[in-house]
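Take a look at the structure set out below.
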Amino acid sequence: MLQIQKIREEKETVINSLKTKNFDATAIVESIVSLDEKKRKTQAQNDEQLSRINKASKEIGMLMGQGKKEEAEVKKGEVGQLKSTSKELGAQLQQLEKELHDELVKLPNLPHPSVPPGKSEEENEVIKTDEIPTLSESALPHWALTEKYNLIDFELGTKITGSGFPVYRGKGAKLQRALIAYFLDYNTEAGYEEFMPPHLVNEESAYGTGQLPDKEGQMYHATADNFYLIPTAEVPVTNIYRGDIIAPEKLPIKMTAYTPCFRREAGSYGKDVRGLNRLHQFDKVEIVQMVKADTSYDVLDEMVAHVEKLIQNLELPYRILRLCGGDVSFASAITYDFEVYSAAQKRWLEVSSVSNFENFQTNRMKIRTRNAEGKTELVHSLNGSSLALPRILACLLENNQTEDSIKIPKVLQSYFGAEAIN
RNA sequence: GGAGAAAUGGCAGAGUGGUCGAUUGCACUUGUCUUGAAAACAAGCGUCUGUAACAGGACCGGGGGUUCGAAUCCCUCUUUCUCCGCCA
């Protein structure tokens, strides 16, 4: 959520900036500015009424104390009028606040100036890329390999739950565990604190990171208790500090968590979703940081480098994209995507997204710290995947396949307990 | 699941209808003293909103109600604790 003060003071900047996200904010901004003005005016009027009531009430108290009952009764009568006016103004104010808020949450975060314009993912800017590796003609896609080596049973998952819920088994299950353990160790060594958060969150948390109200349909909803299954660890982890004022010396706060992620992905079918490409339940290790506002872009660079090194350690061919305005998510100011190359499918697969949300999330969640003068100010939040497992697994299987085995990258061997799957 | 108790500022802990936004202690900040530190003493010390700045307004777990006036009374929800039951 953008700060009302910013919209009020820099109306044109907001509108122009959002053009990069192909978002015409003119009408919403106009409506916000006028609602805000009305709201403040109404509040001033109401405050005036309340002030008089408070004053009169104190006087009544004093009169009663002095035993001047008659005079007190007269005062009471006066307050009645003030009260009905105030009640009306209060109702108006509440309505205006709701309308203002409803408009405010419609505005996406402003893109960073370096975000290139563009309509779709076609126009994302490739800022770094490895050579595309080629495999022999007989190379198999991962869904054939998982079957060949008995690593994942997709049909069994369909039987137990439904499509998009794979069952990892044997070495497939162990490799999954190895990847999670390695990713977490890699992150904690870099100073991230490891968390194991709940996998279901309440409405307030889902709202805090922006999944609600607009992305309701993408989450599984446990209606009996009104809980949502998390689509990413970002939701519970970012909410850890919801509403807090963080002591400046505690910043930056670096957190990492492994969780399964649940996504309904309504309406996705076809070859794009085959095998591990898109699932309803998948595993991911996430990194989240809360930082002082003026350091967030340095931290973003640091996080990008952190994820890059991790992918390098896995010896997978990758590229880094700077997302164009049309592809940057609602809440993000800037996003770098990491993609690894699936040699058998001959396509790039997204495995990580590293974003700076600046104060967009923290304004909504009221996560603050204190500046040098002791005044509260919003912190910046950033997050990134390190990493999403299924597509890493897919590439790892495909790119490392030989005639009769799959080689395990060095860094994973001690976690996996073998040098190859065969 | 049943019975009972509780929820107040960073923490502890007063406050049961009228200058209570809230006594006090600890913690914290600044100053005095000291070569420096500690101790002692003095002052300050919640959040949000609002204003050019004052003023003003809201907030004592959340929501609602009674009243001229509520931290204090009533209703409701949530959470925590104790006891019982069940249980990985």
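Here the first sequence is numbered in the numbering used here, starting from 268 and rising by one per residue. A virtual CB, placed ideally from N, CA and C, is assigned to each residue, including glycine. Small disclaimer: the values here were computed from a predicted structure and weren't measured.
When we look at the beta-carbon of residue i and count the other beta-carbons within 10 Å, is it buried (16 or more) or exposed?
{"i": "Pro690", "result": "The shown model of the chain, from 268 to 689, leaves out residue 690, and the question about it has no answer."}
{"i": "Asp594", "result": "buried"}
{"i": "Lys322", "result": "exposed"}
{"i": "Thr499", "result": "buried"}
{"i": "Ala572", "result": "exposed"}
{"i": "Ser301", "result": "exposed"}
{"i": "Glu665", "result": "buried"}
Return the first residue and the last residue of the alpha helix (DSSP H) that residue i is part of.
{"i": "Tyr459", "result": "First-last for Tyr459: undefined, no H or E at that position."}
{"i": "Glu404", "result": "No alpha helix (DSSP H) contains Glu404, which DSSP labels as neither H nor E."}
{"i": "Glu304", "result": "293-332"}
{"i": "Met632", "result": "627-632"}
{"i": "Leu577", "result": "563-580"}
{"i": "Leu285", "result": "278-286"}
{"i": "Phe421", "result": "421-427"}
{"i": "Val504", "result": "501-505"}
Give me the Cα-Cα distance between residue i and residue j, rounded to the nearest whole angstrom.
{"i": "Ser351", "j": "Phe627", "result": "38 Å"}
{"i": "Lys551", "j": "Gly542", "result": "17 Å"}
{"i": "Met486", "j": "Tyr585", "result": "29 Å"}
{"i": "Asn417", "j": "Trp410", "result": "10 Å"}
{"i": "Val504", "j": "Glu460", "result": "11 Å"}
{"i": "Lys308", "j": "Lys373", "result": "23 Å"}
{"i": "Asn313", "j": "Pro433", "result": "58 Å"}
{"i": "Gly429", "j": "Glu422", "result": "9 Å"}
{"i": "Pro515", "j": "Ile507", "result": "17 Å"}
{"i": "Ala639", "j": "Val566", "result": "20 Å"}
{"i": "Val678", "j": "Arg436", "result": "22 Å"}
{"i": "Lys335", "j": "Ser353", "result": "27 Å"}
{"i": "Thr636", "j": "Gln443", "result": "38 Å"}
By the three-class DSSP mapping on this structure, what secondary structure does residue i have?
{"i": "Ile215", "result": "It is not possible to answer for residue 215, since the shown part of the chain is limited to 268 through 689."}
{"i": "His409", "result": "helix"}
{"i": "Tyr487", "result": "coil"}
{"i": "Ala524", "result": "strand"}
{"i": "Ser609", "result": "strand"}
{"i": "Met463", "result": "coil"}
{"i": "Leu367", "result": "helix"}
{"i": "Thr643", "result": "strand"}
{"i": "Tyr474", "result": "helix"}
{"i": "Tyr435", "result": "strand"}
{"i": "Ser353", "result": "helix"}
{"i": "Tyr416", "result": "coil"}
{"i": "Gln270", "result": "coil"}
{"i": "Leu479", "result": "coil"}
Span of the beta strand (DSSP E) holding residue i?
{"i": "Asn650", "result": "647-655"}
{"i": "Arg589", "result": "585-589"}
{"i": "Phe494", "result": "494-496"}
{"i": "Thr636", "result": "635-637"}
When DSSP builds the beta bridges, which residues end up paired with residue i?
{"i": "Thr602", "result": "Ser622"}
{"i": "Thr396", "result": "Arg586"}
{"i": "Tyr453", "result": "Answer is none; Tyr453 lacks a bridge partner."}
{"i": "Ile673", "result": "Gln668, Ile688"}
{"i": "Met557", "result": "Ile520, Ser648"}
{"i": "Leu616", "result": "Val607"}
{"i": "Lys441", "result": "Partner(s): none; Lys441 has no beta bridge."}
{"i": "Gln362", "result": "Per DSSP, none; premise fails for Gln362."}
{"i": "Phe529", "result": "Gln548"}
{"i": "Val468", "result": "Tyr495"}
Is residue i close to the ligand HEM? I mean its beta-carbon at under 7 Å from any heavy atom of the ligand.
{"i": "Lys559", "result": "This structure lacks the ligand HEM, and indeed carries no ligand of any kind."}
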